[in-house]
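Contents: one structure, followed by commentary.
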Amino acid sequence: MTHDQALAASSPAEHPVAPDTAARPVIEIRDLYKSYGNHEVLKGVDLIAPRGHVIGLIGSSGSGKSTLLRCCNLLEDSQKGDVIFDGEPVKWTSAGPGRLPADRAQVRRLRTNLSMVFQQFNLWSHLTILQNVMEAPVTVLGRPAAEVEAQARALLDKVGIGDKAASWPAQLSGGQQQRAAIARALCMGPRRCCWTNRPARWTPNCSKRSCASSRIWPPNIAP
Ligand SMILES: Nc1ncnc2c1ncn2[C@@H]1O[C@H](COP(=O)(O)OP(=O)(O)OP(=O)(O)O)[C@@H](O)[C@H]1O
Ligand SMILES: [Mg+2]
26 MTHDQALAAS SPAEHPVAPD TAARPVIEIR DLYKSYGNHE VLKGVDLIAP RGHVIGLIGS
86 SGSGKSTLLR CCNLLEDSQK GDVIFDGEPV KWTSAGPGRL PADRAQVRRL RTNLSMVFQQ
146 FNLWSHLTIL QNVMEAPVTV LGRPAAEVEA QARALLDKVG IGDKAASWPA QLSGGQQQRA
206 AIARALCMGP RRCCWTNRPA RWTPNCSKRS CASSRIWPPN IAP
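When we follow this note's numbering, the leftmost residue of the sequence shown carries the number 26, and every step to the right adds one.
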């Protein structure tokens, strides 16, 4: 995600406040950088959330929306840039890679005023994505592992995350985890499927996969 990709749609304040307070953004992010190893996810993101506005982050799956929010809540360390709450910048131990918030009391205070709703798909965190998909067919249905593995890999390809088979759930974006959960459900060859959070919309770069995904129901890969 770059500065240009951090698109913000906002609605104006419904509850007027004093002009001096209203002038200060509730959250401001300046030139934020975040990498996982060599994978650069946030590349100089700027964002201003004025008081009383609703901000929507729009971006393709895996583009860094949740990473930005986690960095904002100081649940993830970022490598460069400023996070400012109500005009108060987060204090860092140093500049550059390896920096950490310097003031624990400040972090506690800032977090008290910032809530977060997480994406959650209950993948088993101690198993890889491939193992997540294979576990129930092998253990519960007693099917041969080699046959299940071939089916699991095909399903992961179909939902667009074949390259994530060896990754751990924590290394996937929320949408990628959602697709892993779909592959896991389909690998059991169910006659019916209950969705607690049906993927009603898929992000733009997945529109083709979305069509492909709707065609994988009912499952067309024989167990
Ligand atoms: N802990 C991690 N270790 C390594 N890579 C990670 C980690 N968390 C996220 N990533 C990678 O960082 C990228 C951004 O992930 P992020 O969760 O921010 O995406 P997102 O924009 O919220 O996507 P979605 O719309 O699917 O939820 C993805 O490519 C993901 O695979
Ligand atoms: Mg996300």
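For each residue, glycine too, the CB sits at the ideal point set by N, CA and C. Source: prediction; values computed, not measured.
Beta-carbon contacts of Leu139 that lie in its chain and below 6 Å, excluding the five residues immediately before and after: For Leu139, where only same-chain residues beyond five positions count, the Cβ hits under 6 Å are Asn98.
Below 8 Å on the Cβ atoms is my guess for Arg178 versus Leu155; work out the distance and round it to an integer in Å. Sure, about 7 Å apart at Cβ, within 8 Å.
Is it the case that the region 61–75 contacts the region 84–96, given that we only count it when at least three CB pairs across the two stretches are under 8 Å? yes
Could you pull the start and end residues of the alpha helix (DSSP H) that Ile154 belongs to? Secondary structure note for Ile154: its alpha helix (DSSP H) is the uninterrupted segment 154–164.
Can you give me the start and stop residues for the beta strand (DSSP E) that Asp56 sits inside? 52–61
Examine ligand 1 and report whether any of its heavy atoms sits within less than 7 Å of the Cβ of Gln58. The sequence as given places Tyr at residue 58; Gln does not occur at that position. No, Cβ of Tyr58 sits at least 7 Å from all heavy atoms of ligand 1.
Check each candidate in Gly185, Ala205, His78 and name the one with the smallest Cα separation from Trp193. Ala205
Taking the straight line between their C-alpha atoms, what separation do you get for Asp56 and Gly106? 5 Å
What whole-angstrom Cβ distance do Asn157 and Leu148 have, given they're in contact under 8 Å? 5 Å
Apart from the five residues on each side of it in sequence, which residues of its chain come closer than 7 Å, Cβ to Cβ, to Tyr58? Leu67, Lys68, Gly69, Ser103, Gln104, Lys105, Gly106
Which residue from Val173, Met159, Val115, Ala161 puts its Cα closest to that of Arg133? Val115
Compare the beta carbon distance of Leu82 and Phe110 with 8 Å and say whether it is the shorter of the two. No, the Cβ-Cβ distance between Leu82 and Phe110 is not below 8 Å.
I need the DSSP call for Ala225, collapsed to helix, strand or coil. Bear in mind that a pLDDT of 48 at Ala225, under 50, signals an unreliable position, so the number given afterwards is only what the model happens to contain. If DSSP states are grouped into helix, strand and coil, Ala225 belongs with coil.
Could you name each continuous beta strand (DSSP E) segment of 3 residues or more that falls completely within the region 88–151, going from the start of the chain to the end? 105–110
Report yes if the CB atom of Pro169 is closer than 8 Å to the CB atom of Cys212, and no otherwise. no
What residues in its chain sit with their C-beta under 6 Å from that of Arg124, if we drop five residues either side in the sequence? Trp117, Thr118
Cβ neighbour criterion (16 or more within 10 Å) applied to Ala208: buried
To which residues does DSSP link Val70 through a beta bridge? Leu57
Which residues bound the alpha helix (DSSP H) around Ile207? 199–212
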